[in-house]
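Chains A, B and C supply the protein sequences, listed in that same order. Heads up, the first sequence stops at 339 in the numbering used here, and the numbers go up one at a time, no gaps. Heads up, the second sequence stops at 1336 in the numbering used here, and the numbers go up one at a time, no gaps. Heads up, the third sequence stops at 2153 in the numbering used here, and the numbers go up one at a time, no gaps. Here the structure is laid out as structure tokens; the discussion comes afterwards.
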Amino acid sequence: MTDSHEIESRLRQAAESLLREKKVNLFIGYEKASLPFRTAPLFLTAPKEAGRLVWNPFCTANLAVYLPRLFKAPADAREAKTAPPPPKVGLVVKGCDARSVVALIQERQVPRENLVLVGIACPGIVDRRKAERALGDHAALGAGEDAKGNVRAVVDDGTEVTLHRERIVADACLECRAPTPLLHDVLIGAPVEGKQADAARRRVAEFESKPLDARWARLQETFSACIRCNACRQACPLCAGCKTCLLDQTRPRWIGAGTDISDVATYHLLRAFHLAGRCTECGACARACPMGLDVRLLSRKMSQEVEDLYGYRPGEAADATPVLSAFSLDDSQDFITEP
Amino acid sequence: MTEKKIPIASLDKFLARLAERGTVYAPGKDASGDLALMAMPLGEPVLLDYGNFTLSPKAFFLPQTQTLLCFRDGKAQEPPLPEQAAFLFGVRPCDAAALRALDKVFLDSEPPDPYYAHSRARTTVIALACTQPMPSCFCTSVGGGPGDAAGADVLAMCLEADLLMRAQTPKGEELLASVADLLAEPTPQDAQAAEERIRAAEDQIAPVWTADSAQRLRDAYDSPLWAAASQKCLGCGTCSFLCPTCHCFDITDELRNGTGRRVRTWDCCAYPLFTLHASGHNPRPTPKERWRQRLMHKFRYALENHDRFFCVGCGRCIRSCPASMDLRTVLKEIGG
Amino acid sequence: MSQTQVSSTSDAAAARAWEPTVVAFLCNWCSYAGADLAGVSRIQYPHNIRIIRVPCSGRINPAFLLRALQNGADGVLVSGCHPGDCHYISGNLAARRKFALFKELLQYAGIEPERVQFTWVSASEGGRFAAIVEKVVEQVRKLGPNKKLVKTL
Chain A
1 MTDSHEIESR LRQAAESLLR EKKVNLFIGY EKASLPFRTA PLFLTAPKEA
51 GRLVWNPFCT ANLAVYLPRL FKAPADAREA KTAPPPPKVG LVVKGCDARS
101 VVALIQERQV PRENLVLVGI ACPGIVDRRK AERALGDHAA LGAGEDAKGN
151 VRAVVDDGTE VTLHRERIVA DACLECRAPT PLLHDVLIGA PVEGKQADAA
201 RRRVAEFESK PLDARWARLQ ETFSACIRCN ACRQACPLCA GCKTCLLDQT
251 RPRWIGAGTD ISDVATYHLL RAFHLAGRCT ECGACARACP MGLDVRLLSR
301 KMSQEVEDLY GYRPGEAADA TPVLSAFSLD DSQDFITEP
Chain B
1001 MTEKKIPIAS LDKFLARLAE RGTVYAPGKD ASGDLALMAM PLGEPVLLDY
1051 GNFTLSPKAF FLPQTQTLLC FRDGKAQEPP LPEQAAFLFG VRPCDAAALR
1101 ALDKVFLDSE PPDPYYAHSR ARTTVIALAC TQPMPSCFCT SVGGGPGDAA
1151 GADVLAMCLE ADLLMRAQTP KGEELLASVA DLLAEPTPQD AQAAEERIRA
1201 AEDQIAPVWT ADSAQRLRDA YDSPLWAAAS QKCLGCGTCS FLCPTCHCFD
1251 ITDELRNGTG RRVRTWDCCA YPLFTLHASG HNPRPTPKER WRQRLMHKFR
1301 YALENHDRFF CVGCGRCIRS CPASMDLRTV LKEIGG
Chain C
2001 MSQTQVSSTS DAAAARAWEP TVVAFLCNWC SYAGADLAGV SRIQYPHNIR
2051 IIRVPCSGRI NPAFLLRALQ NGADGVLVSG CHPGDCHYIS GNLAARRKFA
2101 LFKELLQYAG IEPERVQFTW VSASEGGRFA AIVEKVVEQV RKLGPNKKLV
2151 KTL
């Protein structure tokens, strides 16, 4: 695993020269945030500001979420006349983020030729909730990475605590099969090996081992604390591609806006379905959830089914047709009812 | 103003007595392991050493989903409102102060909101002063403090082995009187110890630029900094939903064959659809306009209209924002 | 004719034995015509079915199916042309993938697989339509009323 400081330094150089040489007019990366265990997305336009970029275990956001809004097509001919040309955007991408970018390219949401992808081979990022929990009743005042890749946190009683990476790494990273960005223009850091496919499958299998009623009960339990804030949807790069979400439509209104468990379950069922074959398992949704719900409960299953039924994983080949935009005459029919 | 104390070891007895008169909510951990005000019995000892709950107590007065009207066979009826009293124990001073802000919106209005008024009337708020502020706290910069009593019926304060309790309202007086047999007289040393703890807590809270915020924000309305500051906003709604003073709502009818209900649900000004007109025009079309409006509302319009900030410095928005946005930084930048 | 027991609580309704309600989305060109043929041929099939005509099975958005269940339907049936025979050439082929995934999703979530079913019925298959409706209604009847996804108003 390449040292984070080295990656950070090369990242700053890459961003500085891209901006200076005007190969991009906007560079999106991460910078220090005001609280520990976090970074904040950074939108750079000046080459001399490249020193603000950071790379560390807290670079958790999937920055691909900002791409669709940068490449929104003009609403009409009048807007098209005065609209500026689409920007050239440089973007820091981890393995999962790169898959999201590729999935957006597959859907023609963003033009490949307007992107410069600075890929970083990622050893797994820290889930801030896990880190905060690990500190028990204490709040962290600061946190950094040590030479071994673990997190050193300064705690409110003045002591320092070491949190081992494996304990606090994000759930999505435990199942990540593509930590080294498949699509990139620059790659920083030695490639990192992905996890085996069965890491995610085990969780799906474990859920499926329950009888139907127990599964439904577990689903209701999981989502009973959902406050319908839509953070999961707003943090998702693929959801960001849709101009209007079905679930916001009012004519007709598909689901109620409240916390009735029927509406909550329908929201998550529909969102998981609409992301089938599009979700790249980055976990941004689960990390955005203010209530700490296992938002990926249903999408894990959809990713697995898409792979098993159609041999497809989104975000791997920019020229691949998205799975639900394609069909084969041999597609499985096992589910069809016969008299 | 009655001031009493109770040994912390007897807190369970105190709460059990309240439970005879209504539902008691006390600090505990929910299914996700997050801090929350949970209905007793908790099955675990009540927490006294904690930061703050994920969800603010506004949910008790302005729930995420509230039925305003029921419809049966085409006729409207008012929904039954819960009659039972509720006791919220462990509300932080920032969240208690937020109720004063919500009161301005829902009680001082003409007519007052009957659903909110009903909840306020049947609920007693026992605030617990803070001795260990979090890095995200800034109550002292918005007219509050770790030992502030605004909005509380009783303000409790942890000492070494006792809980000091000061009644703040007639409801608070009544509550302390009802459990007088459990309470003892505090000593002057107790009061002093309490003051020292509060001062120590105040010293830990870094000040945030809020002076002359109304004027400075007015001057900065067209500043290019708004666009830069709001670029990372995802429009996710977390800040508004968790904020103890945010109160925007939507109303929808859920009907099936003439039967159903009219519900009020939380809404968020950061949502792209929040100001979308039926014509298709949106006066706040990008995160810049929406983020600016959020700060303007809390730190300028609220001062101009209600003489107070619509922010209590609880820091939830800063802790929970998935894009790590921090309004303290933005206020400082915009203010110059 | 019985209604699902969502709105009415009158004694008379309670006294009647529960009958499942199955909402059927039928594609205009094949399945709806097939259902029509069953009618014209006087083939009896259970009256529990409520038919909604759509231009093509490819028109089906799973939101429709969930909406039906939320509104109190005890079961949902979706039927289109046989693959290869779609009036719009490939609508049902695109739909087939969506249906397969959606059925997996529902079952994973704990909804009984018999509640939401998919089939192909051609315009000439009046008998097949009736037989499938018979089967689906019986399966849903055995499951009992839909309690999991229904939204109580």
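Every residue, glycine too, gets a C-beta built ideally from N, C-alpha and C.
Within the same chain, Ser332 come within 6 Å of Leu309 (chain A) by CB-CB distance, once the 5 residues on both sides are set aside. Contacts with chain B at 8 Å (Cβ-Cβ) do not include Asn2146 (chain C). Between Asn1052 (chain B) and Cys1314 (chain B), the CB-CB gap stays under 8 Å. At a cut-off of 8 Å, the C-beta of Glu1003 (chain B) has no neighbouring C-beta in chain C. Contact check for Ser325 (chain A) against Pro237 (chain A) fails: the beta carbons are separated by 8 Å or more. For Thr1259 (chain B), the nearest beta carbon of chain C is closer than 8 Å to its own beta carbon. At a cut-off of 8 Å between C-beta atoms, Pro2046 (chain C) does not count as an interface residue with respect to chain A. Each residue's CA atom was taken as its position, placing Pro1079 (chain B) and Val1263 (chain B) some 11 Å apart. Contact of Glu1254 (chain B) with chain C by beta-carbon distance below 7 Å involves Leu2153. Distance from Asp1153 (chain B) to Ile1126 (chain B) at the Cβ level is roughly 7 Å; contact confirmed, criterion being Cβ atoms closer than 8 Å.
Taking 8 Å as the cut-off, the beta carbon of Glu145 (chain A) is found closer than this to the beta carbon of Pro57 (chain A). Looking at the DSSP output, Pro1007 (chain B) shares a beta bridge with B:Asp1162.
By a beta-carbon distance limit of 8 Å, Leu44 (chain A) does not contact Pro87 (chain A). Their separation comes to about 12 Å. Asp1250 (chain B) sits in a strand when the DSSP states are folded into three classes. Each of A:Asp294, A:Leu297, A:Ile255 and A:Met302 was checked against the Cα of Leu2065 (chain C), and the nearest Cα belongs to A:Ile255.
DSSP places Lys301 (chain A) in the uninterrupted alpha helix (DSSP H) bounded by Leu297 to Tyr310. Shown here, Ser1056 (chain B) sits in coil according to DSSP, grouped into three states, outside any helix or strand. Per the Cβ contact rule, the stretch 92-99 of chain A is in contact with the stretch 172-180 of chain A (3 or more Cβ pairs under 8 Å). Between Ile2132 (chain C) and chain A, the shortest Cβ-Cβ separation is below 8 Å. DSSP, reduced to helix, strand and coil, places Trp1209 (chain B) outside both helices and strands of the structure shown, so it counts as coil. Nearest in C-alpha terms to Glu316 (chain A), of all of A:Glu107, A:Arg10 and A:Tyr267, is A:Glu107. The residues Phe223 and Leu298, in chain order, have a CB closer than 7 Å to that of His268 (chain A) in the same chain once the five nearest residues on each side in sequence are set aside. Under DSSP, the beta-bridge partners assigned to Lys1029 (chain B) are B:Leu1035.
When the alpha-carbon of Lys210 (chain A) is set against those of C:Ala2109, C:Asp2074 and C:Tyr2088, the nearest one is in C:Ala2109. If you look at Ser100 (chain A), you'll find it isn't in any beta strand (DSSP E); it sits in the alpha helix (DSSP H) that goes Gly95 to Gln106. Ranking B:Phe1249, B:Asp1190 and B:Pro1114 by CA distance to the CA of Lys1005 (chain B) puts B:Asp1190 first. At a cut-off of 8 Å, the C-beta of Asn2071 (chain C) has a neighbouring C-beta in chain B. Around the beta carbon of Pro1283 (chain B), a 10 Å sphere encloses fewer than 16 other beta carbons of the protein chains shown; the residue is thus reported as exposed. An exposed status is given to Val2040 (chain C), since fewer than 16 other beta-carbon atoms sit within 10 Å of its beta-carbon.
When rounded, the separation of the alpha-carbon atoms in Asn2146 (chain C) and Val264 (chain A) is 17 Å. In the three-state reduction of the DSSP assignment, Ile2043 (chain C) falls in the coil class, being assigned neither a helical nor a strand state.
At a cut-off of 8 Å between beta-carbon atoms, Pro2062 (chain C) makes contact with chain A. Cβ atoms of Cys1269 (chain B) and Arg1300 (chain B) stay farther apart than 8 Å, at about 14 Å.
Pairing Gly90 (chain A) with Leu53 (chain A) gives a Cβ-Cβ distance that is not under 8 Å. Closest in C-alpha terms to Glu1254 (chain B), from the list B:Leu1069, B:Ala1085 and B:His1306, comes B:Leu1069.
Distance check between Met1040 (chain B) and each of B:Asp1030, B:Asp1034 and B:Asp1049 places B:Asp1030 closest, using alpha-carbon atoms only.
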